[in-house]
Amino acid sequence: MKTFFLTVGLAFLAMSFVIQENSLDQIVNAFKKADTEEIGQSFDDYVDIKFLDKDEIKNISRNQASIALRTFFSDLKITGFEKVSTRDLGTTTYLAGKLLTSDKNSKGYNITVLIKQQSGKFRIISLRIS
């Protein structure tokens with residue numbers, strides 16, 4: 001019986017490390033699926049956002065940022081994401097890529113995401129689309 005509980009405990013411990021490691025992958029996969037709801041769940045409490053030629057909005061709440069991103073994805077028919085690179089600097093990760101659209105005449109949009117690891121979770125603190 002002790003062996004069973006030890007095995008189950010170790011399995012849960014191992015899964016918790018996998019979940020933390022995959023948190024950044026979950027953000028990337030949410031962008032690949034163009035799932036704004038899942039992306040919004042990764043936003044920090046306050047986010048800086050810049051869309052195309054518009055002025056940057058600083059310290060926008062998670063809810064407002066989610067709505068703005070959903071509107072942007074819907075208006076420009078964003079369908080996916082291609083990761084170009086990531087760079088880690090301590091607890092900060094820069095994610096660069098290209099947003100894909102269903103418009104065949106569009107080359108897509110460049111996106112840079114600044115992600116900070118806080119309390120074992122990855123949180124988006126800045127999003128810039130050009």
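Read in UniProt numbering, the sequence shown has 89 at position 89, and its numbers run on one by one without any break.
Yeah, the Cβ is synthetic: ideal placement off N, Cα and C, and Gly gets one too.
Note that the structure is predicted; figures quoted are calculated from it, not measured.
With respect to residue 93, residue 78 sits apart: the two C-beta atoms are not nearer than 8 Å. In the three-state reduction of the DSSP assignment, residue 107 falls in the coil class. With contacts defined as CB atoms closer than 8 Å, residue 80 and residue 30 fail to qualify as a contacting pair. Assigned with DSSP and collapsed to three states, residue 95 falls in strand.
Counting along the chain, no alpha helix (DSSP H) covers residue 102, and no H or E run does either. The segment 115-129 and the segment 39-58 touch, with no fewer than 3 CB-CB distances between them shorter than 8 Å.
Counting only runs of 3+ residues, the beta strand (DSSP E) found wholly inside the segment 49-74 occupies 57-61, in chain order.
Using a 10 angstroms sphere on the CB of residue 91, the tally of other CB atoms stays under 16, which defines it as exposed. Per DSSP, reduced to three states, the secondary structure at residue 33 is coil, with no helix or strand assignment. Contact between residue 109 and residue 116 is absent: CB atoms are separated by about 23 Å, not below the 8 Å threshold. Rounded to the nearest whole angstrom, the C-alpha separation of residue 113 and residue 123 is 10 Å.
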